[in-house]
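Enquirer: In terms of our numbering, the sequence shown is residues 4 to 85.
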Amino acid sequence: MGSFIHACEGEIVCQSINTKIPYFNAPIYLENRSQIGKVDEILGPLNQVFFTIKPQEGIVASSFKEGDKFYIGGDKLLPLER
Numbered sequence: 004m005g006s007f008i009h010a011c012e013g014e015i016v017c018q019s020i021n022t023k024i025p026y027f028n029a030p031i032y033l034e035n036r037s038q039i040g041k042v043d044e045i046l047g048p049l050n051q052v053f054f055t056i057k058p059q060e061g062i063v064a065s066s067f068k069e070g071d072k073f074y075i076g077g078d079k080l081l082p083l084e085r
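Structure below.
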């Protein structure tokens with residue numbers, strides 16, 4: 004779903020690598036399918052979407068490094084047409 008850019012005020016800022024838009028509050032996972040948080044805000048134009056992840060208790064936003072990948076369930080995405 005997204006690639007880590009940086010941490011900001013305790014949240015994770017990501018650039019979308021998917022052509023669809025995530026639902027608000029959709030759970031976000033690491034590659035090993037462990038949930039790290041939920042989509043909080045969606046930013047930017049339709050051709051370059053960014054989003055923030057509100058981490059779960061115990062997850063530190065600054066513990067990730069640039070380029071780390073995050074995943075989302077396919078049922079939690081909206082096509083651009085909507």
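Quick reminder that beta carbons are idealized off the backbone N, C-alpha and C, glycines included.
Quick one: is F27 buried, meaning 16 or more other Cβ sit within 10 Å of its Cβ, or exposed?
Expert: If you number the sequence shown from 1, residue 27 lands on position 24. Its Cβ having fewer than 16 others within 10 Å, F27 is exposed.
Enquirer: Between the alpha carbons of E14 and F53, how many angstroms are there, rounded?
Expert: Position 11 of the sequence shown, counted from the first residue, corresponds to residue 14. Position 50 of the sequence shown, counted from the first residue, corresponds to residue 53. Using only the alpha carbons, I get a separation of about 13 Å.
Enquirer: Beta-carbon within less than 8 Å of S65's beta-carbon, same chain only, minus the 5 sequence neighbours each way: which residues are those?
Expert: Counting from one through the sequence shown, the residue named residue 65 turns up at place 62. Excluding positions up to five away in sequence, the list reads A10.
Enquirer: If I measure Cβ to Cβ from L81 and keep anything under 8 Å in the same chain, skipping five residues before and after, which residues do I get?
Expert: What you label residue 81 is simply residue 78 of the sequence shown in a count that begins at 1. These residues qualify, in order along the chain: K23, I24, P25 and Y26.
Enquirer: With a Cβ-Cβ cutoff of 8 Å, do I20 and I39 count as a contact?
Expert: Here residue 20 refers to the residue found at position 17 when the sequence shown is read from its first residue. Here residue 39 refers to the residue found at position 36 when the sequence shown is read from its first residue. No.
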